[in-house]
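Going by the UniProt record's numbering, the residue at position 200 of the sequence shown is 200; the numbering climbs one at a time, nothing skipped.
Glycine included, every Cβ here is placed at the ideal spot set by N, Cα and C.
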Amino acid sequence: MHLKAMTLRGFKSFASATTLRFEPGITCVVGPNGSGKSNVVDALSWVMGEQGAKSLRGGKMEDVIFAGTTGRPPLGRAEVSLTIDNSDGALPIAYAEVTITRIMFRGGSSEYQINGDTCRLLDIQDLLSDSGIGREMHVIVGQGQLDSVLHADPMGRRAFIEEAAGVLKHRKRKEKALRKLDAMQANLARVQDLTDELRRQLKPLGRQAAVARRAAVIQADLRDARLRLLADDLVTLQEALRTEVADEAELKRCKDEAEGRLKAALAREAALEDEVRRLAPRLQNAQATWNELSRLAERVRGTVSLADARVTSATQPPAEDRRGRDPEDMEREAARVREQEAELEAALEAAEHALDDTVAHRADLERELAVEECRLKDAARAIADRREQLARLHGQVTAARGRAASAQAEIDRLAASRDEAQQRAVAAQEEYEQLKAEVDGLDADDVERGDEHESAKRALADAESALSAAREAAVSAERSRAAVAARHDALALGLRRKDGTGALLAARSTLTGVLGPAAELLTVEPGHELQVAAALGAAADAVAARDPATAADAIRLLRKQDAGRATLLLGDAREERAQDHGAGAGHEDGALVHARPGRDGTPAEGALPAEGSPPAHARTGAVPAPADGRGL
């Protein structure tokens with residue numbers, strides 16, 4: 001397997017599509033400064049999945065896209081395609097030639113492709129993990145990285161050796177298997193919790209279901225009893241309603257008859273009123289005649305009186321009258337007066353008869369009118385009574401209908417309650433069955449999870465076996481490499497010397513006074529790393545401790561774990577001495593202690609200083625603390 005070609009399009013300084021073809025062996029890329037040699041290496045690292053913008057010498061990932069020049073506008077995406085010759089089958093894919101493509105858009109989104117098919121970054125990492133190249137593989141050594149390899153801590157050197165021996169992929173597989181195993185354990189714990197919870201809820205749910213069933217039976221009985229009572233009330237109300245309807249019909253009939261009689265009486269009253277109006281002129285005429293006759297009678301009576309007086313005077317006339325008038329004239333006048341009196345008496349008698357007839361007829365008419373008025377009043381009272389009775393019956397019918405509607409609404413409500421109770425009972429039964437099925441399923445899942453757990457354990461055992469074999473192969477490979485034998489010995493010596501350092505760093509959670517590697521706590525200006533490393537010497541690999549008590553605890557830990565040797569660098573020694581014994585206790589800023597635990601757990605070499613007096617190592621290995629306070 002070897003890299004066959006790489007095509008860059010829109011990546012950093014490669015605006016146009018540029019294809020670099022590689023032949024088996026060593027390929028050198030030469031050119032003046034700024035021609036893009038480093039961009040080729042960055043493109044190779046980027047296409048294999050590099051996610052750090054600083055590793056690509058940029059501030060953010062979008063900086064890899066061509067930013068444009070004075071004569072060319074910026075592009076919207078960067079694309080790099082790497083073609084690998086897989087004729088030897090080194091990559092686990094059924095292709096003799098594999099092309100990996102990565103596309104970056106200015107919006108921040110990315111795409112990955114394998115032979116033109118869209119894939120995930122994880123797929124590319126899995127594909128390249130067995131080949132020794134890819135992300136987090138030290139196949140690309142940039143400027144300044146060699147020095148970091150030489151001055152790496154024990155864990156970093158171990159990572160370099162394991163990667164060179166091909167152990168990293170097995171470690172990743174082991175970590176992946178462990179993550180899966182942890183996830184499986186978490187899932188099993190969650191399933192067990194769910195199972196316990198569901199089992200704990202089964203009994204209360206069963207009791208609730210039984211109570212619900214009993215409640216449904218009681219509600220059904222209560223509903224039936226209420227329905228029977230309502231049915232009886234409904235029958236009674238229906239009978240009363242029928243009676244009221246019959247009474248209402250009878251009252252309507254009586255009302256119609258009364259209204260008929262009232263109409264007839266009103267018609268007769270109207271006829272009588274017409275008759276009265278017709279006879280009124282005759283009555284007025286009769287009244288006028290009566291008045292005239294009365295006046296005439298008065299005149300007649302006056303005339304009679306006058307005639308009587310005249311007769312008297314005639315029969316006994318004075319002397320002078322008897323002497324002055326003729327008796328015959330007087331006889332004739334008396335006869336004439338008697339005739340007028342007879343005529344007046346006849347007219348008076350006729351007028352009296354006519355008046356009597358008129359008065360009698362008027363009295364008859366008044367009697368008939370009074371009778372009809374009484375009949376009309378009786379009919380009106382009867383109609384009012386009938387109307388009041390009808391209104392009362394109508395109110396009773398309305399009340400009966402309201403009671404019937406209320407009864408029907410109560411029946412509907414009870415029916416709805418019955419349906420709802422049945423639905424709740426069915427839902428409770430279904431929930432009970434569902435929970436029971438879930439519990440059964442969880443029991444089955446427990447078995448399945450157990451099988452998966454065993455499979456994961458076997459996979460973990462296989463991975464550990466492969467890791468052990470890979471480590472053995474790494475040791476064999478280390479021994480067989482003559483070119484790196486010296487470096488291997490030096491690294492092995494450094495590792496043996498720093499076993500105690502690793503143990504102390506691993507125990508930082510319990511040793512709160514351990515500050516970490518001394519080299520990590522220093523701030524060195526660029527370009528002075530080698531001078532500072534030479535000046536520090538053994539102190540570069542030392543572990544910084546806050547005070548002597550922490551150093552003593554660290555030495556006891558090394559003794560207890562038999563972890564080997566370690567170099568301890570005490571920080572703020574002057575401040576500690578000043579706090580305990582005054583400001584004039586010493587002038588050193590740090591104390592270097594070479595710790596090799598004795599048999600009794602106390603320092604045997606490089607003993608800790610007694611309180612108030614700086615140790616000899618503090619005078620010979622003092623390291624000044626940085627002015628900004630970030631160091632020791």
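- Going by DSSP, P548 is part of the alpha helix (DSSP H) stretching over P548 to Q561.
- The C-beta distance from G68 to R106 rounds to 11 angstroms, too long to meet the 8 angstroms contact threshold.
- Going by DSSP, Q113 is part of the beta strand (DSSP E) stretching over S110 to I114.
- Pairing L569 with A545 gives a Cβ-Cβ distance under 8 angstroms.
- Between R158 and L467 a beta carbon distance of about 13 angstroms is seen, past the 8 angstroms cut, so the two are scored as non-contacting.
- By the Cβ test, the region 42-56 is in contact with the region 94-106, since at least three Cβ pairs between them sit closer than 8 angstroms.
- In terms of Cα proximity to G34, the closest of V167, C28 and K12 is K12.
- For K4, no alpha helix (DSSP H) run applies; the uninterrupted beta strand (DSSP E) run containing it begins and ends at H2 to R9, by DSSP.
- In chain order, L234, L237, Q238 and L241 place their CB closer than 8 angstroms to the CB of A404, counting only its own chain and leaving out the 5 sequence neighbours on each side.
- Leaving aside the five residues that flank N115 on each side, the residues in its chain whose CB is nearer than 6 angstroms to its CB run, in chain order, T99.
- Put simply, the backbone Cα of A535 is about 12 angstroms away from that of D541.
- Residue environment: L150 is assigned as exposed (fewer than 16 neighbouring CB atoms within 10 Å of its CB, all protein chains considered).
- Here the alpha carbons of T195 and E433 stand approximately 15 angstroms from one another.
- S465 sits exposed, since fewer than 16 C-beta atoms from the chains shown fall within 10 Å of its C-beta.
- E333 is the residue among E333, A463 and L262 whose C-alpha sits nearest the C-alpha of L306.
- R57 carries a coil assignment under DSSP once its states are collapsed to helix, strand and coil.
- Per DSSP, V514 is one residue of the beta strand (DSSP E) stretching across V514 to P517.
- In the structure shown, T510 adopts coil according to DSSP, grouped into three states.
- For A437, the closest of A264, L198, R458 and E349 by C-alpha to C-alpha distance is L198.
- The Cβ neighbour count for Y112, taken over all protein chains shown within 10 Å, is at least 16; the residue is labelled buried.
- Of all alpha-carbon atoms in D85, D547, L227 and N39, the one lying nearest the alpha-carbon of T512 is that of D547.
- Within the region 9-76, the runs of beta strand (DSSP E) at least 3 residues long that lie entirely inside it are, in chain order, 18-21.
- Nearest in C-alpha terms to M1, of all of L230, G89 and T312, is G89.
- The C-beta separation of V40 from I140 comes to about 11 angstroms, leaving the pair out of contact by the 8 angstroms criterion.
- Taking one beta carbon from each stretch, the region 410-427 and the region 282-301 have fewer than 3 pairs nearer than 8 angstroms; the two do not touch.
- Judged by pairs of C-beta atoms under 8 angstroms, the region 348-358 touches the region 272-286, as three or more such pairs exist.
- Rounded to whole angstroms, the separation of the alpha carbons of E343 and D329 is 21 angstroms.
- The region 266-294 is shown to contain no whole alpha helix (DSSP H) run of 4 or more residues.
- Per DSSP, the beta bridge partners of I100 are L82 and I114.
- For a cut-off of 8 angstroms, the C-beta gap from D153 to P517 is around 6 angstroms, short enough to register as a contact.
- Buried is the label assigned to I84, since at least 16 other Cβ atoms lie within 10 Å of its Cβ.
- For A152, no beta strand (DSSP E) encloses it, and the DSSP letter there is neither H nor E.
- Taking all protein chains in view, the Cβ of E79 is crowded by 16 or more other Cβ atoms within 10 Å, so the residue is classified as buried.
- Per DSSP, the continuous alpha helix (DSSP H) segment holding D123 begins and ends at L121 to S129.
- Using a 10 angstroms sphere on the CB of V514, the tally of other CB atoms reaches 16 or more, which defines it as buried.
- If you check the CB distance, V397 and E244 come in under 8 angstroms.
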